[in-house]
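In the working numbering, the protein residues as written are 160 to 469. Note that the Cβ used here is the ideal one computed from N, Cα and C, for glycine as well. Below is one structure, written out as structure tokens, with a few remarks after it.
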Amino acid sequence: MDEWFEKQRKELLRIIEKFTPEDGTHETEVPGLRFIRSSRLSEPVYSVYEPSLCVVAQGSKVVMLGQEVYQYDPSSYLTASVQLPITGQVMEASNETPYLSLQILFDMNQILDVIQASDDAIRTGNETSRGLKVSQLNDTLLDAVLRLVKLVETPRDIPVLAPYAMREIIYRVLQNEHSASLMQFAVIGSHAQRIAGVVEKINRDFALPLRVEELAAEARMSTSSLYDYFKEVTGMSPIQYQKQIRLQEARRLLFSESIDAAGAAFQVGYESPSHFSREYARMFGMPPVRDLRRLRSTMVDEMTISAEIK
Numbered sequence: 160m161d162e163w164f165e166k167q168r169k170e171l172l173r174i175i176e177k178f179t180p181e182d183g184t185h186e187t188e189v190p191g192l193r194f195i196r197s198s199r200l201s202e203p204v205y206s207v208y209e210p211s212l213c214v215v216a217q218g219s220k221v222v223m224l225g226q227e228v229y230q231y232d233p234s235s236y237l238t239a240s241v242q243l244p245i246t247g248q249v250m251e252a253s254n255e256t257p258y259l260s261l262q263i264l265f266d267m268n269q270i271l272d273v274i275q276a277s278d279d280a281i282r283t284g285n286e287t288s289r290g291l292k293v294s295q296l297n298d299t300l301l302d303a304v305l306r307l308v309k310l311v312e313t314p315r316d317i318p319v320l321a322p323y324a325m326r327e328i329i330y331r332v333l334q335n336e337h338s339a340s341l342m343q344f345a346v347i348g349s350h351a352q353r354i355a356g357v358v359e360k361i362n363r364d365f366a367l368p369l370r371v372e373e374l375a376a377e378a379r380m381s382t383s384s385l386y387d388y389f390k391e392v393t394g395m396s397p398i399q400y401q402k403q404i405r406l407q408e409a410r411r412l413l414f415s416e417s418i419d420a421a422g423a424a425f426q427v428g429y430e431s432p433s434h435f436s437r438e439y440a441r442m443f444g445m446p447p448v449r450d451l452r453r454l455r456s457t458m459v460d461e462m463t464i465s466a467e468i469k
């Protein structure tokens, strides 16, 4: 990293650290901007990424999409172009040098506006590619991100300046070598934009039986084309995608609500508790009851460590 880049990164680091007094995800007053802090290496965290830009100020993180692994650090950034069920894990962090990062959520209408206003500065097309990319962080994008982040220190400027800063960030992302990954989902009628509609429907109706023929008809595709494009974008089939969404939601229900494994299974769309338990163990490494016991034990240990540090 050159001297200017390192200076900008340290300023980004200073602001994120200032507004993240403890581990966790911290929403900011800037719409769509959140900060993340972790003072220790994390266990795998299962979640659904929204369309967004993720930048690391300190440490590194690995994100797994299906069988694919994406790692990014202060020299790179990650873009998610569509809702994707991922497994994330902080790989570099400590009390002295915590993992610090930010996430900027994207609005597809904003992206489309930037594309339409850019004339020939951004090339558009109907390519379909993976909805998750890691790219090299350059000076111009880092500078635009820092301008948005600095607004958390001057809240009265946010309503006027945040939309302009967000617009520049989108423009800079779209100019990079992997721009098609994000751009494709904003182009009305593109294959990727239709797949994004299918993804949204599966996320909304994940507990209902999945009928690929109906999804294909709504997307105005043949079933084989839907399967091919869906796998190109998400790295998995529609059935595999639905399964990950169901199991993640079941795990959330088990941990946050007074519900047993059978109740969670039925609530997310499984008819057989034994089938649910097998698939749950396949994804999370152990059956629901044992996994829940381990999660609660881990939480108690983390609370104890946090209290000792304070």
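(message) Here's the rule: buried if 16 or more other CB atoms are within 10 angstroms of the residue's CB, otherwise exposed. What is M445?
(response) Counting Cβ neighbours within 10 Å, M445 comes out exposed, since fewer than 16 surround it.
(message) Let me check one thing: in DSSP terms, what residues is F194 bridge-paired to?
(response) H185 and L261
(request) Would you check if the segment 198 to 211 and the segment 164 to 175 touch, i.e. whether three or more CB-CB distances between them fall below 8 Å? (result) no
(request) Have a look at L192 and Y330 and give me their C-alpha separation to the nearest angstrom. (result) 17 Å
(request) Quick one: which unbroken beta strand (DSSP E) runs of 3-plus residues sit fully inside the segment 326 to 368? Chain order, please. (result) none
(message) Once DSSP output is grouped into helix, strand and coil, what is the label at E227?
(response) strand
(request) Drop a sphere of 10 angstroms on the beta-carbon of Y258, count the other beta-carbons inside from all chains shown, and report buried for 16 or more, exposed for fewer. (result) buried
(message) Does R220 pass the burial test, meaning 16 or more other C-beta atoms within 10 Å, or should it be called exposed?
(response) This sequence places Lys at residue 220; Arg is not what is there. Buried is the call here.
(request) Quickly, what does DSSP pair T246 with across the bridge? List them, please. (result) In DSSP, T246 forms a bridge with Y205 and M223.
(message) Restricting to Cα atoms, I'd like to know which of N297, Q343, E181 and Q269 is closest to D161.
(response) N297
(request) Use the C-beta contact count for M325: other C-beta atoms within 10 angstroms, 16 or more gives buried, fewer gives exposed. (result) buried
(message) Rounded to the nearest angstrom, what separates M442 and R411 at their Cα positions?
(response) 14 Å
(message) Can you look up V153 in the DSSP assignment and give me helix, strand or coil?
(response) This structure cannot settle anything about residue 153, because the visible part of the chain is limited to 160 through 469.
(message) I want to know whether the segment 228 to 236 touches the segment 294 to 309 - three or more CB-CB distances under 8 Å.
(response) Contact between the segment 228 to 236 and the segment 294 to 309 is present, because at least three Cβ pairs lie under 8 Å.
(request) From the DSSP output, in three-state form, read off V392 for me. (result) helix
(request) Grab me the residues of Q262's own chain with a C-beta within less than 6 Å of its C-beta, minus the 5 sequence neighbours each way, in chain order. (result) R193, S211 and C213
(message) What does the Cβ neighbour count give for Q407, buried or exposed, with the cut at 16 atoms within 10 Å?
(response) buried
(message) Between the alpha carbons of Y386 and E438, how many angstroms are there, rounded?
(response) 22 Å
(request) Using three-state DSSP, classify K177 as helix, strand or coil. (result) Helix, per DSSP.
(request) Grab me the residues of I398's own chain with a C-beta within less than 7 Å of its C-beta, minus the 5 sequence neighbours each way, in chain order. (result) L369
(request) Can you tell me which of I418, E209, T256 and S417 puts its alpha carbon nearest to the alpha carbon of G218? (result) T256
(request) Classify K166 as buried or exposed, calling it buried when 16 or more other Cβ atoms lie within 10 Å of its own Cβ. (result) exposed
(message) Classify Y208: buried if its beta carbon has 16 or more other beta carbons within 10 angstroms, exposed otherwise.
(response) buried
(message) Within 10 Å of its beta-carbon, does M250 have 16 or more other beta-carbons around it, so buried, or fewer, so exposed?
(response) exposed
(message) Going by DSSP in three states, S294 sits in which element: helix, strand or coil?
(response) strand
(message) Within the continuous beta strand (DSSP E) that includes S415, where are the two ends?
(response) Annotation for S415: no beta strand (DSSP E) segment contains it, though the alpha helix (DSSP H) segment containing it runs P397 to S415.
(request) Could you spell out where the beta strand (DSSP E) holding S433 opens and where it closes? (result) Segment P432 to F443 is the alpha helix (DSSP H) holding S433; no beta strand (DSSP E) there.
(request) For Y429, name the three-state secondary structure that DSSP assigns. (result) Looking at Y429 - three-state DSSP - the assignment turns out to be coil, as it is neither helix nor strand.
(request) For M380, collect the residues of the same chain with a Cβ closer than 6 Å to its Cβ; drop the 5 residues on either side in sequence, then sort them by chain order. (result) none
(message) Tell me which residues share the same chain as D460 and place their Cβ nearer than 7 Å to its Cβ, disregarding the 5 neighbours each side in the sequence.
(response) Legend: pLDDT at D460 = 48, less than 50; position of this residue unreliable, no value from coordinates given.
(request) Take the Cβ of D419 as the centre, count every other Cβ of all protein chains shown within 10 Å, and call the residue buried at 16 or more, exposed below. (result) With fewer than 16 Cβ atoms within 10 Å of its Cβ, D419 is classed as exposed.
(request) Quick one: give me the first and last residue of the alpha helix (DSSP H) that V371 is part of. (result) V371 to E377
(request) Mind checking which residues open and close the alpha helix (DSSP H) that includes L271? (result) M267 to A276
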